[in-house]
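Structure first, commentary second.
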Amino acid sequence: MLKLLIVDDEPMFREGLIKTIDWASMDIRIAGEAFNGLEALSIIEKCELDFVLTDIRMPEMDGLELIRAARRIKPRLGFIVLSAYDDFSLVKEAFKLGVVDYILKSEVGEEEILQIIERQQSALSSSGGSDRNSDYCRNNEFFLKQQLLRSCVERRIELESVPDFAVLFGKPDSRPLCSVFLRLHAFSDVMIPGDSESLIEEVHRKLDDFLYVSEEWVGYWENKRSMVLFDLSPRSADWNCFSLRCEELKKAAANFFPVEKGCVTLGLCSFRLDRNFSRVRREAEKACEYSFFRGIGRCISYNHYQSSLDKAQVDIQSLFRHFAGIIDRQEFDSESYEKCLLNPYSCNGDQKEAITGLYQKYYHYLLAFLEARGTGPDNEQKNLIDLFPHLRSEGASLDDLNKWFRRIMNMLGILENKALSLSSKVSRYLDKHYREDVSLSDAAESLEVNPSYLSRVFSSEMKIGFTQYLLELRIKKALKLMESTNLKHYQIAEEVGFSNPESYSRGFKKVMGVSPSRFRH
Numbered sequence: 209m210l211k212l213l214i215v216d217d218e219p220m221f222r223e224g225l226i227k228t229i230d231w232a233s234m235d236i237r238i239a240g241e242a243f244n245g246l247e248a249l250s251i252i253e254k255c256e257l258d259f260v261l262t263d264i265r266m267p268e269m270d271g272l273e274l275i276r277a278a279r280r281i282k283p284r285l286g287f288i289v290l291s292a293y294d295d296f297s298l299v300k301e302a303f304k305l306g307v308v309d310y311i312l313k314s315e316v317g318e319e320e321i322l323q324i325i326e327r328q329q330s331a332l333s334s335s336g337g338s339d340r341n342s343d344y345c346r347n348n349e350f351f352l353k354q355q356l357l358r359s360c361v362e363r364r365i366e367l368e369s370v371p372d373f374a375v376l377f378g379k380p381d382s383r384p385l386c387s388v389f390l391r392l393h394a395f396s397d398v399m400i401p402g403d404s405e406s407l408i409e410e411v412h413r414k415l416d417d418f419l420y421v422s423e424e425w426v427g428y429w430e431n432k433r434s435m436v437l438f439d440l441s442p443r444s445a446d447w448n449c450f451s452l453r454c455e456e457l458k459k460a461a462a463n464f465f466p467v468e469k470g471c472v473t474l475g476l477c478s479f480r481l482d483r484n485f486s487r488v489r490r491e492a493e494k495a496c497e498y499s500f501f502r503g504i505g506r507c508i509s510y511n512h513y514q515s516s517l518d519k520a521q522v523d524i525q526s527l528f529r530h531f532a533g534i535i536d537r538q539e540f541d542s543e544s545y546e547k548c549l550l551n552p553y554s555c556n557g558d559q560k561e562a563i564t565g566l567y568q569k570y571y572h573y574l575l576a577f578l579e580a581r582g583t584g585p586d587n588e589q590k591n592l593i594d595l596f597p598h599l600r601s602e603g604a605s606l607d608d609l610n611k612w613f614r615r616i617m618n619m620l621g622i623l624e625n626k627a628l629s630l631s632s633k634v635s636r637y638l639d640k641h642y643r644e645d646v647s648l649s650d651a652a653e654s655l656e657v658n659p660s661y662l663s664r665v666f667s668s669e670m671k672i673g674f675t676q677y678l679l680e681l682r683i684k685k686a687l688k689l690m691e692s693t694n695l696k697h698y699q700i701a702e703e704v705g706f707s708n709p710e711s712y713s714r715g716f717k718k719v720m721g722v723s724p725s726r727f728r729h
């Protein structure tokens, strides 16, 4: 169990740290507490300790003096600094003394402490404990940049509180502040789930190493898949140069994936002289989110997203009603289901969540339909249906969702065709084509059967000939138009597939016993 000493001149803060954090769960024991550096130094001389968690500003002996004095007694003792917002210049000095890391007082908690201790133990084991001070000095300056950057982005500190900011980042005030939002996507093929977690962890480590030695980029992970970066390059400050550097960054990051196992998308902020970290980071993320429409694995600028906002909002409810209708009617032909899909380049960029939600509804409705059929899909078909949650979690594009949807609908069409009798297939064919000059030969060709065989089977199963069935179908459609519209008879004749009003009138009288005019009046 690791032994920890807590040093702070505020008794309530010390007590809060001791009582509110579950130290035992982290395999840490509080070996003591001290009011200032002098009191802490006395404990350090007498006790075996692994770490000291210390404030910087304290009476009599501050944190920096404590670290210097303790180093002479126990050079391998680990120090974690507690810092307030205005302590960054002192924190830099502490790093030169080889502290493990620092924590903002407002954010101290189990997760932060555990990460720092794990990082320190990992560094010691990899270096065998040699050159500890110099290694930590370099490591912690890197971590300081990351923490400071995050604090500026989240507006927890203002640049005025860090006078040496430009020196720390190597960036003059006259240059624009350029941000990139990087997102990782991990799959071998967008339609085939892969072991994404292990891939992401591997790329994580390599990207961290890349940033550690980079002189052009500084950044931090916002979550497991997304990183915020800022451009530090001293090269020409114009959009073309920034774009080229971003392409270089994307290529370098994508190279960390095993071959064809994933890709990297970059969102780029707009380009203007500004020191607003929060704004440029927000713009970069918006641009990255727009990859849902433009396609993942690309560099996308904020201007692309902005231009999409001029496009009309998609009517999500109408699309879903149309989809539910074709599923209920079991119309699995491409002519019907293509109307459920969206063109990525005609969508409003602010509708990403609504559109993803629409495809989520498609997914659940399809599951319910298959369950209601009573005959579930085989394993291959089930894997295809259940691919949707994977695609969504990996941040797949709208084009990828469209590909998934088409494959699902084609699969259902094949399943449904197998279940239909030949005469039912003819009925469906005629229900779609009755307005056309359709014949028995046309239907046979569509269904890939012999016309004579089709005529014989259809008459046997339906107890009516093909020609008579088509005539009665057209008259049924004509009756519906009579009831619901004021169309003239010649217009109805054309609408339901008759070549001229005379043949319509003869056919109507043959089925209904009276002419269309007498029937209507």
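Quick note on numbering: the sequence shown equals residues 209 to 729 in my numbering. Don't be surprised by glycine CBs; every beta carbon is placed ideally from N, CA and C.
Give the DSSP-derived three-state secondary structure of residue i in the structure shown.
i	result
Ala278	helix
Met435	strand
Lys211	strand
Ile229	coil
Gly224	helix
Asp339	In this prediction, Asp339 scores a pLDDT of 46, lower than 50, which makes its location untrustworthy; the coordinate-derived value is nonetheless stated afterwards. Here Asp339 sits in coil by DSSP.
Gly503	coil
Leu689	helix
Ala394	strand
Gly673	coil
Tyr344	Confidence at Tyr344 is low in this model, with a pLDDT of 47, below 50, so the placement of that residue should be treated as unreliable; the coordinate-derived value is given next. Of the three classes helix, strand and coil, the one that applies to Tyr344 here is helix, per DSSP.
Gly470	strand
Ser629	coil
Met617	helix
Phe465	coil
Met269	coil
Gly715	helix
Asn694	coil
Glu742	Not covered by the structure: residue 742. The range shown for the chain is 209 to 729.
Arg383	coil
Leu599	helix
Met399	Residue confidence for Met399 is low, a pLDDT of 47 falling below 50, so the modelled location carries little weight; the figure read from the coordinates is stated next. Of the three classes helix, strand and coil, the one that applies to Met399 here is coil, per DSSP.
Asn448	helix
Leu527	helix
Quick one, which of the options has its alpha-carbon nearest residue i's?
i	options	result
Ile497	Ile535, His393, Leu681 and Val646	The sequence as given places Glu at residue 497; Ile does not occur at that position. Nearest option by C-alpha distance: His393.
Glu602	Ile504, Glu710, Ala278 and Leu298	Ile504
Val388	Phe674, Val472, Ser359 and Phe351	Val472
Leu575	Phe596, Gly673, Ala461 and Ser647	Phe596
Tyr553	Ser526, Val646, Arg502 and Gly565	Arg502
Tyr698	Ser725, Glu669 and Ser406	Ser725
Gly240	Asn708, Thr262, Asp650 and Glu273	Thr262
Tyr545	Ile534, Cys555 and Asn551	Ile534
Glu493	Ile275, Gly557 and Asp518	Gly557
Leu687	Ile214, Ala701 and Gln676	Ala701
Ser248	Arg237, Pro267 and Ser233	Sequence check: residue 248 is Ala here, not Ser. If we check each option's Cα against that of Ala248, Pro267 comes out closest.
Ser542	Pro466, Ala461, Glu691 and Ile616	Ile616
Phe287	Tyr310, Asp270 and Ser660	Tyr310
Ala461	Cys507, Ile672 and Leu440	Cys507
Phe350	Tyr712, Val307, Gly621 and Gly317	Val307
Val289	Leu272, Leu566, Glu644 and Asp607	Leu272
Ala302	Val316, Ile321, Arg265 and Glu320	Arg265
Glu430	Pro384, Leu322, Ile622 and Gln354	Gln354
Leu481	Lys547, Arg489 and Leu385	Leu385
His598	Ser667, Met619 and Gln568	Gln568
Arg222	Phe531, Ile593 and Val260	Val260
Name the DSSP bridge partner or partners of residue i?
i	result
Lys560	Paired residue(s): none; Lys560 is not in a bridge.
Val646	Answer is none; Val646 lacks a bridge partner.
Ser291	Leu312
Glu732	Nothing about residue 732 can be reported from this structure: the residues present for the chain run from 209 to 729 only.
Asp263	Leu290
Gly475	Phe389 and Ile508
Trp429	Met435
Ile236	Leu210
Gly705	Beta-bridge pairing links Gly705 to no other residue.
Tell me, to the nearest whole angstrom, how far the beta carbon of residue i is from that of residue j; I am working on the premise that it is less than 8 Å.
i	j	result
Phe613	Leu549	6 Å
Val411	Phe479	With 8 Å as the limit, Val411 and Phe479 do not qualify as a contact, their Cβ atoms being about 28 Å apart.
Asp230	Leu210	Contact flag wrong, Cβ pair sits at about 14 Å.
Glu680	Val722	Their Cβ separation, rounded to whole angstroms, is 15 Å, which puts Glu680 and Val722 out of contact at 8 Å.
Are residue i and residue j closer than 9 Å when you measure CB to CB?
i	j	result
Glu703	Lys684	no
Leu655	Leu638	no
Trp447	Leu437	no
Ile324	Lys282	no
Asp270	Phe243	no
Leu246	Leu213	no
Ser707	Asp645	yes
Is residue i close to chain D, meaning its C-beta is less than 9 Å from at least one C-beta of that chain?
i	result
Pro219	Considering every chain present, this structure includes no chain D. It has just one protein chain.
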